[in-house]
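> Protein sequences, first through last, are from chains A and B. So for the first sequence, full-length UniProt numbering puts the first residue at 1; every next one is plus one. So for the second sequence, full-length UniProt numbering puts the first residue at 1; every next one is plus one.
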Amino acid sequence: MGEIRIARQTDYDLFSPTTPIVIDNGGSTFRIGWAGESDPRIMFRNVAFRPRHRSTGETVTVVGEHDPALFKYFDCTRSSWRSPFDNNVVYQFEIMEYVLDYGFDRLGASSSMAGKVDHPILMTECICNPVYSRAKMAELLFETYGVPSVAFGVDAAFSYKYNQNLGICAEDGIALSIGFMTTHSIPILKGEPLPEGSCRTNVGGYHVTNYLKEVLSLKYPYHAPSITWEKAEELKREHCYVAPDYPSELQIFKKEMKEAEEKKRVWQLPWVPPPQEEPPSEEELARKAAIKEKQGQRLREMAAAKRSQKITDLENELHVLETLLSQLDEAELPEVASSILARSGYLSRQEIESAHLRVSQSLRKARGEPAVTVEENTDTATSADKYPLVSIPDEMLTPDQLKEKKRQIFLKTTSEGRLRAKQKRAEEEMMRERQNQLEEGRRLENPELYLEELREKYKELSEKIDQRKRLKTNGNGNGNGNGTGNGNNVSGATGRGERLNAAQRERMRLLTTALFDKGKGEDTFGLKDEDWQLYKLMSKDTDDDDDMVDPDEAELERVATKLQEFDPSFVGRAEAELMQSTQEPPRPRALTAEDYQVVLDVERFRCPEVLFQPGMIGEYQAGIDEIVSHSLRRLPNLDISIKDRMCQSIIVTGGGSLLPGLEQRLETGIRATRPYLSPLKIVRAVDSVMDAWRGASVYAASELFSTQTFSLEDYNEKGEDWLRRYNIVYSLYD
Amino acid sequence: MEADVVKSEMVLPPVMPFKRVQMGDKYQKGQSRGRYWKHLKQLLQAENFISLPLEEPNYLNIESPPSMYPSKKYCDITGFEAPYVDPRTKLRYADPEVFKRVRNLPNEHVQRYLALRNAAVIIR
């Protein structure tokens, strides 16, 4: 699209004032040059930008593309690139003026002393340009630039004329011009365009690039900053193509056939692999091991010190207790004994003895000797003694003794219960131990099979639990929906009564019967107090399942822990869900080259499809193949034979026509709208991008060009209505 | 101005010898010119096409009618044919795996996908 820095032309003065300047004012590119030349001198993007210069603070104007590095001197945040076009009509004439300034300046006009641009101007516009835009443009050229005369022409027509002269197309035909924002289909009869038959649809190259940019940015949000407009255009130019038949092309990729791999293109973004950590050298390892050893030793020493401390404490305590006991034994008088007791803080001798027993046991444990289970024996031995009254029948006891008996019965039953519970636990422990040993044995003899079985069991259990959870949430969702009108019902439209469990169904029933209008026409629920008893009948929101420890879930846990131990490829359910719900790659996995790749597979032909199906971007208009048929339909007075002739000479021009595969697709599309077996021939213009300017240049160079221009006086005299009807004659040089 | 900026001549000089009226005189500094220019919609309204004869082609006349083919529905994310629509976000999707991705999209992406299709609800 032209060089970044456009050199100023130096031969401006060499051209006489009769030489017209030809301007192709396109939606994407502005081309300016001299009439009669084969190429425009200056080409640049038709945009202007008004940033603030940082150091001086003034607002300056920049037109076209420039070296992006230079923009650091400017504050580019408040302003953006602006185009003088709105769709395909020029509306912003201030920006247009900046663009023209730049164009003329680079053409060398600044060297002239004339104080105006003293050349006739031929400028392109869109077909049926609104007269306001045309008038404003004429005004700008006449009053600001002092241009002597102006002519406006349609770029597509110029391109067609140029190709006609090259013999590519005939005198009658159709020009299909795919522009930046719009695409036109203009029938040409005897070399002149027929505006009444032309048709415009509002899709063009801009929409294709924009679609590509958006789709890639959304597919790779991590790389969105790298996917700029310029990059998207570049990708479009290099890799996009038009599918000959869109649905079957989609199928190639959907079914992941071999061709899909070949059609895939990968854009590798620059990335730097993280520096490899060298494996620690021998000395490093040795040093680290030594440090760990020392730390371990320190910990062990501390533990040992604590233990010995504890032992000495316990020994002291034991000693004290033993002296107390001996003192009590020695004490002959009961008062001495009780005073000793009071001093020590224990209430009776038995307490001291039990404390003594406890301390000696803990001492033994601390020392690492097996604890002697003395308690149980004493309990069982003295059970009969402890509860002497139990065996004596009731009648023989006094009321006090009866009370005593009741207490003893209670104590006995509870202690026996406790005993039984302990025994059952011990049995369960033994059973589990035996099972574990069996499993261990099985695992050791056949590890593969064991793992398989475990995995099977895991899958079954997790499915069961998932299903139950789903039912429960569905039921709860439906149940809650009654009261609160919860809109986010996961299941959507299920029948209300189906998945509620018994409790919820009962609640529904009660509510509906209470609220059912009994024909009185008034809601009398709540007037009587008894009505509210209804809520007592309803069970609370069913949480009982959660209270009970779900046996399946416990089993699942067990199996999961086993799998985690033995199976290296096992991923827990919770972790799997986590991984699915996050979109970014799970960290801290190292980034590979693949993460920095942008893959273009379906997008390659999906984006140009916008031209044929504008519905993809929400524009409910016809595609570029269909507008040809609309355009022909708008010429009812034309003979069929002429239309057939026209269809044999369809030229596709404009920047958007450079997509590979376009003509083939257009042919299928247009053939579908034409009568069976009518002739059809579609050719691409010799140079779709430049032909408009070249055609205009040839036109302006012809002798009769001056008959087609109008001057300021003409404009002032004849008025707006005349300007609206103004249309040049294209076939000047026949 | 910095040396490279001057060398590249990227900035338009304020005075151009080939102009009768310079930019600085035409557009006073400080005035906001954004509202001054009529956008295309306003242009067309002002044009008053109704008063013109119908047969004459004008900017609106030559606009294309809606397509005669029914619009196909394509998946917003993958681009394949999409028989399904997500009721919560109104995005179109092609199959269950894509649906998972649809549900996991952040809200901003959902709005951007819809805007691509001109289906986003704009709340001003």
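We treat Cβ as the ideally placed atom computed from N, Cα and C, and that holds for glycine.
With distance defined between alpha-carbon atoms, name the residue in A:632, A:683, A:640 and A:22 nearest to residue 650 of chain A.
Put simply, of A:632, A:683, A:640 and A:22 the residue whose alpha carbon is nearest the alpha carbon of residue 650 of chain A is A:683.
> For residue 649 of chain A, return the contacting residues in chain B, with the cut-off set at a CB-CB distance below 7 angstroms.
Going along chain B, no residue has its Cβ under 7 angstroms from residue 649 of chain A, so there is no contact; the nearest lies around 21 angstroms.
> Shorter than 7 angstroms from the beta carbon of residue 606 of chain A to some beta carbon of chain B?
yes
> Would residue 74 of chain A be called buried (16 or more neighbouring beta carbons within 10 Å of its own) or exposed?
Buried.
> What are the boundary residues of the beta strand (DSSP E) that residue 647 of chain A is part of?
Here residue 647 of chain A belongs to no beta strand (DSSP E); instead the alpha helix (DSSP H) covers 640-647.
> What residues from chain A crowd round residue 72 of chain B, counting only those whose CB sits closer than 7 angstroms?
613
> What are the residues in the segment 167-198 of chain A lying within 7 angstroms of chain B by C-beta distance?
195, 196 and 198
> Mind checking which residues open and close the beta strand (DSSP E) that includes residue 24 of chain A?
Residue 24 of chain A -> beta strand (DSSP E) spans 21-25.
> What's the gap between the Cα of residue 103 of chain B and the Cα of residue 306 of chain A?
58 angstroms
> In chain order, which alpha helix (DSSP H) runs of at least 4 residues are fully inside the segment 649-694 of chain A?
Counting whole runs of 4 or more residues, the segment 649-694 of chain A contains the alpha helix (DSSP H) stretches 662-673.
> Suppose you measure from the CA of residue 190 of chain A to the CA of residue 177 of chain A; what does that come to, to the nearest Å?
19 angstroms
> Could you tell me the boundaries of the beta strand (DSSP E) in which residue 42 of chain A lies?
Note, residue 42 of chain A: beta strand (DSSP E), 42-45.
> For residue 622 of chain A, which residues in chain B fall below 8 angstroms Cβ to Cβ?
64, 65, 66, 67 and 68
> So with CB distances below 8 angstroms, who are the chain A contacts of residue 92 of chain B?
Chain A residues near residue 92 of chain B: none, gap ~11 angstroms exceeds 8 angstroms.
> Given that residue 107 of chain B touches chain A, what residues does it touch there, using C-beta distances under 9 angstroms?
Ordered by position in chain A, no residue passes the 9 angstroms Cβ test against residue 107 of chain B, which lies about 13 angstroms from the chain.
> If we call anything under 7 angstroms between Cβ atoms a contact, is residue 685 of chain A one with residue 38 of chain A?
no
> Would you identify the three-state DSSP class for residue 339 of chain A, choosing helix, strand or coil?
The answer is helix: DSSP assigns residue 339 of chain A an H, G or I state.
> Hey, residue 631 of chain A and residue 225 of chain A: beta-carbon distance below 7 angstroms or not?
Cβ atoms of residue 631 of chain A and residue 225 of chain A: not closer than 7 angstroms.
> Starting from the C-beta of residue 611 of chain A, find all residues in its chain whose C-beta is less than 6 angstroms away, skip the five residues before and the five after it, and write them out in chain order.
203 and 624
> Using the three-state DSSP reduction, which class does residue 50 of chain A fall into: helix, strand or coil?
The three-state reading of DSSP puts residue 50 of chain A in coil, since its state is none of H, G, I, E or B.
> Ends of the beta strand (DSSP E) at residue 175 of chain A?
173-178
> For the segment 32-53 of chain B, which residues have a beta carbon sitting closer than 7 angstroms to at least one beta carbon of chain C?
Note that chain C does not occur in the displayed structure, where the protein chains are A and B.
> Do residue 232 of chain A and residue 213 of chain A have their CB atoms nearer than 7 angstroms?
It is a contact, given that the beta carbons lie within the stated cut-off.
> Mark residue 163 of chain A as exposed unless 16 or more other C-beta atoms lie within 10 angstroms of its C-beta, in which case mark it buried.
buried
> Residue 445 of chain A to residue 87 of chain B, Cα distance in whole Å?
54 angstroms
> Please identify, using Cβ separations under 9 angstroms, the residues of the segment 207-234 of chain A that lie next to chain B, in order along the chain.
210, 211, 214, 215, 217, 218, 219 and 221
> Just checking, does the segment 23-31 of chain A make contact with the segment 106-126 of chain A on the three C-beta pairs under 8 angstroms criterion?
yes
> Spell out whether any CB of chain B is found under 7 angstroms from the CB atom of residue 740 of chain A.
Given that chain A is displayed from residue 1 to residue 734, the structure contains no residue 740 of chain A and the question cannot be resolved.
> Which residues of chain B have a Cβ atom closer than 8 angstroms to the Cβ of residue 110 of chain A, listed in chain order?
What residue 110 of chain A touches in chain B: 16, 17 and 18.
> Which same chain residues, not among the five before or five after residue 28 of chain A, have their C-beta less than 6 angstroms away from its C-beta?
180
> Short check: CB of residue 111 of chain A to CB of residue 12 of chain A, under 7 angstroms?
yes
> Tell me the DSSP secondary structure of residue 75 of chain A in three-state form.
strand
> With a cut-off of 7 angstroms, does the C-beta of residue 24 of chain B fall near any C-beta of chain A?
no
> Under the three-state reduction of DSSP, which class applies to residue 63 of chain B: helix, strand or coil?
strand
> Where does residue 95 of chain B sit, in a helix, a strand or coil, going by DSSP?
Note: residue 95 of chain B maps to coil in three-state DSSP.
> Is the separation between the beta-carbon of residue 200 of chain A and that of residue 63 of chain B shorter than 7 angstroms?
Contact: yes.
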